[in-house]
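Engineer: Okay, here's the structure, questions in a sec.
Chains as they are written, first to last, in this note's numbering: chain A, 1 to 444; chain B, 1001 to 1099.
As structure tokens, then:
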């Protein structure tokens, strides 16, 4: 393909990405997740301490007492994930919309989420085998926790949108006479819009419960969360979406535009469910989750560039590349690879773009099959994405060396994969340099 | 004193560049405040900044930032300078825009 057509194509691609990235809903989603991430990382730590460290030092009744520590932390983090995301969405949406009273949106969103919940909850009393139906006196972690994350997102977003829209209507604003303290005036000005929003939510909820014998939380988790999960976290679906993001980054646009909003929410639901399962004494069930990406598909940052750095250090003699690799190593160990992506460069450099996009696919496939055949277990402890390679595998599996071994295999295979492309890229770079020198010579 | 704000997606890779720029400023006896934030927090920092610099991976946000910032200068750092973490070059470039 000639250069002109290539650049026209990338421009078009970038243009679409801009539209996606600037979409207020996707941005709200992405920023909300970034904001509550620390809480889930803490949950990972709590699960690690409860299920890996405490059993080493204690057992029996004493262990149970120690584990209360992890349990309460899980309650305040994973088990209210849906609640947390719904208020965060409301807040960030208001900010993105430049709505002047974001905290009032948070109130509406929180109320709406609870309004949408079934008023009867099944609970199993201590010591009993049968579940009892309880009405109007408990809030179930089942609804506001991990299983309710999508409901939290959707209800948070819909109630905020409706509320913000209503406050814009002149007829619904009650203006207080002068002399009324501003805070009081602020409350009154949103009074009608708040009430109308919540009444609408209430009517929908009551109708669903009485006439349809269901509730919105249940409907959203079965009709939205589950099908999305089927598509996004099947191996082909994941690879397709994730690779789109990586192609974007090879064109200089941060991949979170795609991955942050399409993959992260589902991967995090999977991650949280894995953590919850282990915390409850079961085995983790989802192979593809947030850690899966950190540990197998993104070591050293997007494009598995830790392997590229190794390939350069071990097999490369071209000086400019070695310089960039030296500069990129320390941040690269902590999964930050902009220096190498823009410095080598990988962006707009066709020979390097190919392994940049394909290496994560190789890594993800190796990680997936190693888990699917039972060599390793699904990862279950949420680690920050900045956790260095190998340490990430060790931590996220609760200390399983076999996961580290899988990571070493992935790094070895992808390092070899990077080498031929590195050689081509080097030749191109040298040739371009020579041509530049020649043309400069002519100019003079 | 000039205030230079750097923005990238999570404020991580730009913070590397901030370090290099600060070193360059110290070396050249320039008093300047340089800091990096994530895209999500950027709007809270606009008021304090004299100039906003975007990492090249956020080039697609340029128009939006331009609109949000009005008169205040906003620029995208060049791919080559960013990749090579040319603190001194970026600092001088930013100061030259501020005049």
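C-beta: ideal position from N, C-alpha, C; glycine also.
Nothing here was measured: the structure is a model prediction, and the numbers come from that model.
Strictly by DSSP, which residues pair up with residue 1036 of chain B?
Structural biologist: As a first step, residue 1036 of chain B must be located in the second chain, where it is residue number 36. According to DSSP, which records beta bridges pairwise, residue 1036 of chain B is partnered with B/1006.
Engineer: Sorted by chain position, which residues of the same chain lie with C-beta nearer than 8 Å to residue 28 of chain A's C-beta, five sequence neighbours on each side aside?
Structural biologist: As a first step, residue 28 of chain A must be located in the first chain, where it is residue number 28. Around residue 28 of chain A: 89, 92, 93, 96, 157.
Engineer: Between residue 243 of chain A and chain B, is the shortest Cβ-Cβ distance under 8 Å, so that the two count as touching?
Structural biologist: Against the first chain, residue 243 of chain A aligns to sequence position 243. Chain B contact via Cβ: absent.
Engineer: So what's residue 444 of chain A in DSSP terms, helix, strand or just coil?
Structural biologist: Mapped onto the first chain, residue 444 of chain A falls at position 444. With a pLDDT of 46 at residue 444 of chain A, under the threshold of 50, the predicted position of this residue should be treated as unreliable, and no value is reported.
Engineer: My output table needs one value for residue 134 of chain A: the three-state DSSP class, helix, strand or coil.
Structural biologist: The residue given as residue 134 of chain A occupies position 134 in the first chain. Residue 134 of chain A falls in the strand class under three-state DSSP.
Engineer: Where DSSP assigns a beta bridge to residue 1074 of chain B, which residues make up the other side?
Structural biologist: In the second chain, the residue the question calls residue 1074 of chain B occupies position 74. Answer is B/1052.
Engineer: Return the CA-CA distance between residue 184 of chain A and residue 166 of chain A, expressed in angstroms with no decimal places.
Structural biologist: Position 184 of the first chain, counting from 1, holds the residue named residue 184 of chain A. Position 166 of the first chain, counting from 1, holds the residue named residue 166 of chain A. Each residue's Cα considered, the two are about 19 Å apart.
Engineer: Please check the pair residue 275 of chain A and residue 44 of chain A, which I expect to be a contact at CB under 8 Å, by giving their CB distance rounded to whole angstroms.
Structural biologist: Working through the first chain from its first residue, we reach residue 275 of chain A at position 275. Working through the first chain from its first residue, we reach residue 44 of chain A at position 44. With 8 Å as the limit, residue 275 of chain A and residue 44 of chain A qualify as a contact, their Cβ atoms being about 6 Å apart.
Engineer: Taking buried to mean at least 16 other C-beta atoms within 10 Å of its own C-beta, is residue 218 of chain A buried or exposed?
Structural biologist: For the purposes of this step, residue 218 of chain A is identified with residue 218 of the first chain, where counting begins at 1. Burial call: buried.
Engineer: Helix, strand or coil for residue 180 of chain A per DSSP?
Structural biologist: Counting from 1 along the first chain, the entry for residue 180 of chain A is found at position 180. Residue 180 of chain A: coil per DSSP, three-state reduction.
Engineer: Give a yes or no on whether the minimum CB-CB distance between residue 250 of chain A and chain B is below 8 Å.
Structural biologist: Indexing the first chain from 1 puts residue 250 of chain A at position 250. Not closer than 8 Å to any Cβ of chain B, the Cβ of residue 250 of chain A fails to qualify, so no.
Engineer: Any beta-carbon of chain B closer than 8 Å to the one on residue 31 of chain A?
Structural biologist: Taking the first chain and counting its residues from 1, the one referred to as residue 31 of chain A is at position 31. Cβ-Cβ to chain B under 8 Å: yes for residue 31 of chain A.
Engineer: Confirm, please, whether the CB-CB distance from residue 1013 of chain B to residue 338 of chain A is below 8 Å.
Structural biologist: Here residue 338 of chain A refers to the residue found at position 338 of the first chain. Here residue 1013 of chain B refers to the residue found at position 13 of the second chain. Contact flag set, yes.
Engineer: From the DSSP output, in three-state form, read off residue 1 of chain A for me.
Structural biologist: Taking the first residue of the first chain as position 1, residue 1 of chain A is located at position 1. Only weak support is given to the placement of residue 1 of chain A: the predicted model assigns it a pLDDT of 48, under 50, and the question is left unresolved by the model.
Engineer: Do you know whose CA, among A/128, A/400, A/190, A/68, lies nearest residue 99 of chain A's CA?
Structural biologist: Within the first chain, numbered from 1, the residue matching residue 99 of chain A stands at position 99. For the residues A/128, A/400, A/190, A/68, the minimum Cα distance to residue 99 of chain A belongs to A/190.
Engineer: Where residue 132 of chain A and residue 214 of chain A are concerned, what is the direct C-alpha to C-alpha distance, given to the nearest angstrom?
Structural biologist: Position 132 of the first chain, counting from 1, holds the residue named residue 132 of chain A. Position 214 of the first chain, counting from 1, holds the residue named residue 214 of chain A. The straight-line gap from Cα to Cα measures roughly 18 Å.
Engineer: Could you name the residues that DSSP lists as bridge partners for residue 120 of chain A?
Structural biologist: To locate residue 120 of chain A, count along the first chain from 1; it is residue 120. Residue 120 of chain A is bridged to A/135.
Engineer: Could you work out which residues of chain D lie near residue 177 of chain A, taking near to mean beta carbons separated by less than 9 Å?
Structural biologist: No chain D appears in this structure, whose protein chains are A and B.
Engineer: Beta-carbon separation of residue 410 of chain A and residue 374 of chain A under 8 Å?
Structural biologist: Along the first chain, read from residue 1 onward, the residue named residue 410 of chain A stands at position 410. Along the first chain, read from residue 1 onward, the residue named residue 374 of chain A stands at position 374. Contact flag unset, no.
Engineer: Start and end of the alpha helix (DSSP H) containing residue 91 of chain A?
Structural biologist: Counting from 1 along the first chain, the entry for residue 91 of chain A is found at position 91. Start and end: 81-96.
Engineer: Could you round the C-beta distance between residue 327 of chain A and residue 343 of chain A to whole angstroms and report it? I think they count as a contact, below 8 Å.
Structural biologist: Position 327 of the first chain, counted from the start, is the residue given in the question as residue 327 of chain A. Position 343 of the first chain, counted from the start, is the residue given in the question as residue 343 of chain A. Contact flag correct, Cβ pair sits at about 6 Å.
Engineer: Does the structure place the stretch 1034-1050 of chain B close enough to the stretch 429-436 of chain A that three or more beta carbon pairs sit under 8 Å?
Structural biologist: With the cut-off at 8 Å, the stretch 429-436 of chain A and the stretch 1034-1050 of chain B do not touch.
Engineer: Assuming residue 244 of chain A and residue 379 of chain A are in contact, meaning their beta carbons sit under 8 Å apart, how far apart are those beta carbons, in whole angstroms?
Structural biologist: One-based indexing of the first chain puts residue 244 of chain A at position 244. One-based indexing of the first chain puts residue 379 of chain A at position 379. Residue 244 of chain A to residue 379 of chain A, Cβ: 23 Å. No contact.
Engineer: In whole angstroms, what separates the C-alpha of residue 387 of chain A from that of residue 334 of chain A?
Structural biologist: Numbered from its first residue, the first chain carries residue 387 of chain A at position 387. Numbered from its first residue, the first chain carries residue 334 of chain A at position 334. About 6 Å.
Engineer: Ignore the nearest five residues each way along the sequence and tell me which others in residue 221 of chain A's own chain have a CB closer than 8 Å to its CB.
Structural biologist: Locating residue 221 of chain A in the first chain gives position 221, where the first residue counts as 1. Hits under 8 Å: 147, 148, 150, 151.
Engineer: Is it right to say residue 447 of chain A is buried, meaning 16 or more other beta carbons lie within 10 angstroms of its own, or is it exposed?
Structural biologist: No information on residue 447 of chain A is available, as it lies outside the stretch 1 to 444 that chain A covers here.
Engineer: How would you write the range of the alpha helix (DSSP H) that residue 387 of chain A sits in, first residue to last?
Structural biologist: Here the question's residue 387 of chain A lines up with position 387 in the first chain. Segment: none, residue 387 of chain A is in no alpha helix (DSSP H) and carries neither H nor E.
Engineer: Compute the Euclidean distance between the alpha carbons of residue 1031 of chain B and residue 1005 of chain B, then round it to the nearest angstrom.
Structural biologist: Within the second chain, residue 1031 of chain B is the residue found at index 31, counting from 1. Within the second chain, residue 1005 of chain B is the residue found at index 5, counting from 1. C-alpha separation (whole angstroms): 15 Å.
Engineer: Select from the stretch 34-64 of chain A all residues with a C-beta closer than 9 Å to any C-beta belonging to chain B, and list them in chain order.
Structural biologist: So the close ones are 34, 35.
Engineer: Near residue 1 of chain A, which residues of its chain fall below 7 Å by C-beta distance, leaving aside the five closest residues on each side in sequence?
Structural biologist: Position 1 of the first chain holds residue 1 of chain A. Low confidence applies here, because residue 1 of chain A scores a pLDDT of 48, under 50, leaving its location unreliable and the question unanswered by this model.
Engineer: Does any residue of chain B have a CB that is nearer than 8 Å to the CB of residue 421 of chain A?
Structural biologist: For the purposes of this step, residue 421 of chain A is taken as residue 421 along the first chain, with counting starting at 1. Output row for residue 421 of chain A: interface = no.
Engineer: Checking 8 Å against the spacing of the C-beta atoms, do residue 254 of chain A and residue 1057 of chain B come in under that value?
Structural biologist: Sequence index remark: in the first chain, residue 254 of chain A carries index 254 (1-based). Sequence index remark: in the second chain, residue 1057 of chain B carries index 57 (1-based). Closer than 8 Å, so yes.
Engineer: Are there 16 or more other CB atoms within 10 angstroms of the CB of residue 81 of chain A, so buried, or fewer, so exposed?
Structural biologist: Locating residue 81 of chain A in the first chain gives position 81, where the first residue counts as 1. Residue 81 of chain A should be labelled buried.
Engineer: Do you know offhand how far residue 77 of chain A's Cα is from residue 224 of chain A's?
Structural biologist: For the purposes of this step, residue 77 of chain A is taken as residue 77 along the first chain, with counting starting at 1. For the purposes of this step, residue 224 of chain A is taken as residue 224 along the first chain, with counting starting at 1. Distance between the alpha carbons of residue 77 of chain A and residue 224 of chain A is about 23 Å.
Engineer: Quick test of your reading: residue 425 of chain A and residue 352 of chain A, contact by CB under 8 Å. State the CB separation rounded to the nearest angstrom.
Structural biologist: What you label residue 425 of chain A is simply residue 425 of the first chain in a count that begins at 1. What you label residue 352 of chain A is simply residue 352 of the first chain in a count that begins at 1. Right, the Cβ-Cβ distance comes to about 5 Å (below 8 Å), so this counts as a contact.
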